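Letter by letter, the sequence shown follows residues 46 to 187 in the working numbering. Even for Gly, the Cβ is constructed at its ideal location relative to N, Cα and C. A quick note: this is a predicted structure, and the numbers were derived from the prediction, not measured. Notes follow the structure.
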Amino acid sequence: MKNIHARVRHLIQKFNTRNPAKIAKYINIHVKYTEYSYGTKGFFIKTLRNKFIIVNSTLDEESQRIILAHELGHALLHYNEPISIIREYTFFPIGPFEREANKFAAELLIPDDELRLDLSISEMSQLFGLPEELIKYKLNLY
Ligand SMILES: [Zn+2]
46 MKNIHARVRH
56 LIQKFNTRNP
66 AKIAKYINIH
76 VKYTEYSYGT
86 KGFFIKTLRN
96 KFIIVNSTLD
106 EESQRIILAH
116 ELGHALLHYN
126 EPISIIREYT
136 FFPIGPFERE
146 ANKFAAELLI
156 PDDELRLDLS
166 ISEMSQLFGL
176 PEELIKYKLN
186 LY
């Protein structure tokens, strides 16, 4: 697996933010919020010249942030892969690219120095307001 921890740390230092929307803007990825009634949570689309992230605007704010962080992972880690569109139906899809994008999202949204290893995963999930799956990705339990 790529060293996603180091890559995300570098990205955060470069742009001085963990905000996925801001990072997307800095690196010229177009983010659009579109209403989908069910099923689709988001997309990553790459054309010859442009990259787009589309987020389902009916999701709650925290879910939108997670999807955006995950899609940003695809945009940065998988731009050389022969894929032109990735569609998300679930928050934590399985597969090599998906696992890397999940790890990217976990590294971006959870700072190392705020981890509380004295807490259980479900307690940390509550503390950060993030799903347990994301905490597990952060802790390299996947
Ligand atoms: Zn994905």
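Near ligand 1: Ile131 beta-carbon under 7 Å from a heavy atom: Working through the sequence shown from its first residue, we reach residue 131 at position 86. Result yes, Cβ under 7 Å from ligand 1.
Same chain, Cβ closer than 7 Å to Asn95, neighbours up to 5 away in sequence not counted: Here residue 95 is taken as the residue at index 50 of the sequence shown, counted from 1. Excluding positions up to five away in sequence, the list reads His75.
Contact test: Glu126 Cβ vs ligand 1 heavy atom, cutoff 7 Å: For the purposes of this step, residue 126 is taken as the residue at position 81 of the sequence shown. No, Cβ of Glu126 sits at least 7 Å from all heavy atoms of ligand 1.
At least three beta-carbon pairs within less than 8 Å, the stretch 144-154 to the stretch 122-130: yes
Opening and closing residue of the beta strand (DSSP E) in which Phe136 lies: On the sequence shown, residue 136 is found 91 positions in, with the first residue counted as 1. Looking at the DSSP string, Phe136 is not in any beta strand (DSSP E), and its letter there is neither H nor E.
Local Cβ density within 10 Å of Asn61, reported as buried at 16 or more and exposed below that: Here the question's residue 61 lines up with position 16 in the sequence shown. Result: exposed.
DSSP three-state assignment for His75, whether helix, strand or coil: Position 30 of the sequence shown, counting from 1, holds the residue named residue 75. Note: His75 maps to strand in three-state DSSP.
Distance cut-off 7 Å: His189 Cβ against heavy atoms of ligand 1: Since the first and last residues shown for the chain are 46 and 187, residue 189 lies out of range.
Distance CB(Pro176)-CB(Ser167) smaller than 8 Å: For the purposes of this step, residue 176 is taken as residue 131 along the sequence shown, with counting starting at 1. For the purposes of this step, residue 167 is taken as residue 122 along the sequence shown, with counting starting at 1. No, the pair does not count as a contact, with Cβ atoms beyond the cut-off.
Beta-carbon proximity of Leu154 to Arg54, cut-off 8 Å: What you label residue 154 is simply residue 109 of the sequence shown in a count that begins at 1. What you label residue 54 is simply residue 9 of the sequence shown in a count that begins at 1. Not a contact, by the Cβ cut-off of 8 Å.
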